[in-house]
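**Student:** Attaching a single structure in structure tokens format; questions to follow.
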Amino acid sequence: MRSMRRSTVAAGLLALASRAWAQVASVCPSDDVCFKLNIPDSTASSGDGDIFFQISAPSDYEWVALGQGDSMSGSNIFVVYTASDSNVTVSPRLGTGHQMPNFNGDAQVTLLEGSSVSGGKMTANVKCSNCNSWSGGTADFTSGSGNWIYAYKSSGGPKDSTDQSASISQHNERDAFSWDYASAKGGSSANPLVNSAPSGTGTGSGGASVTSCVPRPTSTGSGSGSASGSGSGTPTTATDDDDTQTQTLPPWATGTGRRFGPPREKRHEKRQDDVNYCDDNSNSNSNNNAGFTPLHSGGGANQTKMLIAHGTMAALAFVIFFPVGAIAIRLASFTGLIWFHAAFQAFAYLIYIIAFGLGVYIAKDYDLLDEYHPVIGIVVFILLFFQPILGCMHHVLFKKYQTRTFWSYAHLWLGRIVITLGIINGGLGFKLADTMGMGSKSGMIAYSVVAALMWSAWAIASIIGERRRKTAARNAPPKYTDSPPVETRQRADIPHPEQGHYAPR
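Residue numbers -22 to -1, 1 to 483, in mature numbering (1 follows the signal peptide of the UniProt record, and there is no 0), belong to the letters of the sequence shown in order.
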């Protein structure tokens, strides 16, 4: 038993020494995807030098990537995929926005010992010698934390390619996070990952932890340490919390009182707590979020909710509210129609303002501001700002002159263009969401059907309204006053006969 205790203490001291020698921080954004990081002392003090990191994921994933930066744009990315049944390829790339990152031939990376495909996992142990600076950004390893991103494509099957410039599919999961360097700094510029298990500590949002650990003694007392006592009574067994060994107490020790010192389990509690047992790392989530802080507020679930809210409100604005308001002004006839039209369109505009704000937030978060959907959305938002101004001018001048002016046609055609653009842009939004792995085919089909019906109804209403207006204008008696200024000036330039009537030509 004493030898067992000595072994445990020695293992604990070895673990503590290992911590001081080379600390490896680990984060696991999911059960199957983990990343580890070590920053040697020399790099942590100077900010320049080698760093070591490990990337691991299921071998049936198409690829997995870890990158430096807070977004894809300007990031330093390392993509890992299978090269064969037993080896992996690490591909350093530069992120340029929401598109496939390009191979970075300037990256000084080395695939280290321990990299393999084994047990359903692909693992890449990587040394990077110039990760403090790259084309598009820099990293400060002397600071207490740094911004990182990750992504993976869980479908598509193993890539099995040694081409570092190989084409990769769009990710179906990604995020950005701040990595606490406190548990990653330490050690020399040697591979600290060779004995680091591919699986990290924690699940979900992950957590940073030191991976140096020792196995917990598993003796259960079934060997010679268990004996039947002689004499009266049955021997009492007790569990020693220090080494988990079950032992037999002599008959005189069956009481609960002890004369000397604290109980054994309290006496060795602190020493036991200092030992970093491997099962504590693999089966406990106590360190969750210790070194992993998502940069995107709310996480993926809230972003999905925001995306749904954005799409729903924008669709309501352009597929329902704007067309209904336009149809009403063309076909309806009741007192206060013009104010109903104005209020209804203002309500639709308010809905779109909210949708626009959510859309811009999501686009910035995902580096999508250069995509067609957000660009068109911004243009539509700006154009809509002028629509109520043009509408007011049209109303005032039409009331004065009883005929359309330049501002009338500007209001009409800007509205037609904006509504049509908004409906088309909704389809582009569904397409963009699909490329991000967040699309809904059923939702896109429903949107397309409803949008086509509403646009057709609105177009038909516009045609009917124009025909009614022209018919009413032909049947109305001629007006000799309150003409538009241009028309009045034109009539003033025509000489009038003395009788006050125009002679037939």
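Glycine is no exception: its CB is placed at the ideal position from the N, C-alpha and C atoms.
Treat the numbers as computed from the prediction; the structure is a model and nothing was measured.
Taking contact to mean 3 or more Cβ pairs, one atom from each stretch, closer than 8 angstroms, check whether the segment 45 to 54 and the segment 7 to 19 are in contact.
**Tutor:** They do not touch, by the three-pair rule.
**Student:** Which class does E444 belong to by DSSP, given the choice of helix, strand or coil?
**Tutor:** On the sequence shown, residue 444 is found 466 positions in, with the first residue counted as 1. Helix at E444.
**Student:** Return the CA-CA distance between V66 and V302, expressed in angstroms with no decimal places.
**Tutor:** Mapped onto the sequence shown, residue 66 falls at position 88. Mapped onto the sequence shown, residue 302 falls at position 324. Computed Cα separation, rounded: 57 angstroms.
**Student:** I'd like the span of the alpha helix (DSSP H) that includes F322, first residue to last.
**Tutor:** Here residue 322 refers to the residue found at position 344 when the sequence shown is read from its first residue. It spans 315 to 343 - the alpha helix (DSSP H) in which F322 sits, taken as one unbroken run.
**Student:** Using a Cβ-Cβ cut-off of 8 angstroms (strictly less than) and excluding sequence neighbours within five positions of residue 493, which residues of its own chain qualify?
**Tutor:** This structure does not reach residue 493, given that the chain is present from -22 up to 483, and the question cannot be answered.
**Student:** If you drop the 5 nearest sequence neighbours on each side, which residues of the same chain put their C-beta closer than 7 angstroms to that of L285?
**Tutor:** Numbered from its first residue, the sequence shown carries residue 285 at position 307. The residues are I340, A411, M416.
**Student:** Can you tell me which residues form a DSSP beta bridge with D158?
**Tutor:** For the purposes of this step, residue 158 is taken as residue 180 along the sequence shown, with counting starting at 1. In the DSSP output, where bridge partners are listed per residue, D158 has S123.
**Student:** Counting Cβ pairs closer than 8 angstroms, one from the segment 104 to 112 and one from the segment 78 to 87, do we hit at least three?
**Tutor:** The segment 104 to 112, when compared against the segment 78 to 87, does touch it at the 8 angstroms Cβ threshold.
**Student:** Leaving aside the five residues before and after A324 along the sequence, list all residues of the same chain whose C-beta is less than 8 angstroms from its C-beta, in chain order.
**Tutor:** The residue labelled residue 324 in the question sits at position 346 within the sequence shown. Hits under 8 angstroms: P366.
**Student:** Using C-beta distances below 7 angstroms, list every residue in its chain close to K248, excluding the 5 sequence neighbours before and after it, in chain order.
**Tutor:** Taking the first residue of the sequence shown as 1, we reach residue 248 at position 270. Its pLDDT being 40, under 50, K248 is placed unreliably by the model, and the measurement read from it follows with that caveat. Here the set comprises nothing.
**Student:** Can you tell me which of A320, P136, K131 puts its alpha carbon nearest to the alpha carbon of S147?
**Tutor:** Locating residue 147 in the sequence shown gives position 169, where the first residue counts as 1. Taking only the C-alpha atoms, the option nearest S147 is K131.
**Student:** Using three-state DSSP, classify Q32 as helix, strand or coil.
**Tutor:** By 1-based counting over the sequence shown, the position of residue 32 is 54. Strand at Q32.
**Student:** Using the DSSP secondary-structure output, state which residues sit across from Y39 in a beta bridge.
**Tutor:** In the sequence shown, residue 39 corresponds to position 61, counting from 1. G134.
**Student:** Please report the Cβ distance between G392 and L368, rounded to the nearest whole angstrom; I am assuming they are in contact, meaning their Cβ atoms lie under 8 angstroms.
**Tutor:** Counting from 1 along the sequence shown, the entry for residue 392 is found at position 414. Counting from 1 along the sequence shown, the entry for residue 368 is found at position 390. Just to set this straight, residue 392 is Leu in the shown sequence, not Gly. Contact flag correct, Cβ pair sits at about 6 angstroms.
**Student:** Using 9 angstroms as the threshold, is the C-beta distance between S64 and V104 below it?
**Tutor:** Here residue 64 corresponds to residue number 86 of the sequence shown, with the count starting at 1. Here residue 104 corresponds to residue number 126 of the sequence shown, with the count starting at 1. No, they are not a contact pair.
**Student:** Strictly by DSSP, which residues pair up with R71?
**Tutor:** Numbered from 1 along the sequence shown, position 93 holds the residue referred to as residue 71. Answer by DSSP bridge pairing, in chain order: I55, F81.
**Student:** Under the DSSP definition of a beta bridge, which residues are partnered with N108?
**Tutor:** The count along the sequence shown starts at 1 and reaches residue 108 at position 130. Bridge partners of N108: none, in fact.
**Student:** Tell whether a beta-carbon distance below 9 angstroms holds between L89 and V172.
**Tutor:** For the purposes of this step, residue 89 is taken as residue 111 along the sequence shown, with counting starting at 1. For the purposes of this step, residue 172 is taken as residue 194 along the sequence shown, with counting starting at 1. No, these two residues do not count as a Cβ contact at 9 angstroms.
**Student:** Compare the Cα-Cα distances from S113 to each of D153, S51, F155 and report the closest residue.
**Tutor:** In the sequence shown, residue 113 corresponds to position 135, counting from 1. When each option's Cα is compared against that of S113, the closest is S51.
**Student:** Just tell me which of G115, L72, A295 has its CA closest to the CA of Q142.
**Tutor:** Translated into positions along the sequence shown, residue 142 becomes position 164. Answer by Cα proximity: L72.
**Student:** Can you give the Cα-Cα distance for N267 and T290, rounded to whole angstroms?
**Tutor:** On the sequence shown, position 289 is the one that residue 267 refers to. On the sequence shown, position 312 is the one that residue 290 refers to. Confidence at N267 is low in this model, with a pLDDT of 40, below 50, so its placement is unreliable and the value that follows should be read with caution. Straight-line Cα distance between these residues: approximately 33 angstroms.
**Student:** According to DSSP, is T383 helix, strand or coil?
**Tutor:** Within the sequence shown, residue 383 is the residue found at index 405, counting from 1. DSSP places T383 in coil when its eight states are reduced to three.
**Student:** Locate the beta strand (DSSP E) running through S24, then write down its first and last residues.
**Tutor:** Along the sequence shown, one-based indexing puts residue 24 at 46. First-last for S24: 19 to 24, but that is the alpha helix (DSSP H), not the beta strand (DSSP E).
**Student:** Taking only three categories from DSSP, how would you classify G164?
**Tutor:** As a working note, residue 164 is residue 186 in the sequence shown. In this structure, G164 counts as coil in the three-state DSSP scheme.
**Student:** What is the rounded straight-line gap between the Cα of residue 515 and the Cα of P70?
**Tutor:** Outside the shown range of the chain, which is -22 to 483, sits residue 515, and nothing can be said about it.
**Student:** By how many angstroms is the C-alpha of G27 removed from the C-alpha of N169?
**Tutor:** Translated into the one-based positions of the sequence shown, residue 169 becomes position 191. Translated into the one-based positions of the sequence shown, residue 27 becomes position 49. Each residue's Cα considered, the two are about 14 angstroms apart.
**Student:** Sorted by chain position, which residues of the same chain lie with C-beta nearer than 6 angstroms to V58's C-beta, five sequence neighbours on each side aside?
**Tutor:** For the purposes of this step, residue 58 is identified with residue 80 of the sequence shown, where counting begins at 1. Answer for V58: I33, V42, V66, V68, A102, listed in chain order.
**Student:** What residues match up with Y350 in a beta bridge as DSSP calls it?
**Tutor:** As a first step, residue 350 must be located in the sequence shown, where it is residue number 372. For Y350, which the question treats as bridged, DSSP gives no partner whatsoever.
**Student:** What is the rounded straight-line gap between the Cα of A437 and the Cα of R152?
**Tutor:** Numbered from its first residue, the sequence shown carries residue 437 at position 459. Numbered from its first residue, the sequence shown carries residue 152 at position 174. Taking the straight line joining both Cα atoms gives about 42 angstroms.
**Student:** What three-state label does DSSP hand D153 in the structure shown?
**Tutor:** In the sequence shown, residue 153 corresponds to position 175, counting from 1. Correct three-state label for D153: strand.
**Student:** State the CB to CB distance for the pair K137 and A144, rounded to an integer number of angstroms; the pair is presumed to be in contact (CB under 8 angstroms).
**Tutor:** Walking along the sequence shown from the start, residue 137 turns up at place 159. Walking along the sequence shown from the start, residue 144 turns up at place 166. Going by Cβ atoms, the distance from K137 to A144 rounds to 7 angstroms, so yes, they are a contact pair.
**Student:** How far does the beta strand (DSSP E) with F13 in it extend, from its first residue to its last?
**Tutor:** As a first step, residue 13 must be located in the sequence shown, where it is residue number 35. Looking at the DSSP string, the run of the beta strand (DSSP E) that includes F13 is 12 to 16.
**Student:** Does V66 come out as helix, strand or coil in the three-state DSSP assignment?
**Tutor:** Position 88 of the sequence shown, counted from the first residue, corresponds to residue 66. Of the three classes helix, strand and coil, the one that applies to V66 here is strand, per DSSP.
**Student:** Roughly how many angstroms lie between the CA atoms of K448 and L315, to the nearest whole one?
**Tutor:** The residue labelled residue 448 in the question sits at position 470 within the sequence shown. The residue labelled residue 315 in the question sits at position 337 within the sequence shown. So the two alpha carbons sit approximately 19 angstroms from each other.
**Student:** Just to confirm, is the Cβ distance from I354 to L294 under 9 angstroms?
**Tutor:** Mapped onto the sequence shown, residue 354 falls at position 376. Mapped onto the sequence shown, residue 294 falls at position 316. Contact flag unset, no.
**Student:** Less than 9 angstroms between the C-beta atoms of Y344 and M414, yes or no?
**Tutor:** Translated into positions along the sequence shown, residue 344 becomes position 366. Translated into positions along the sequence shown, residue 414 becomes position 436. Yes, the pair counts as a contact, with Cβ atoms nearer than the cut-off.
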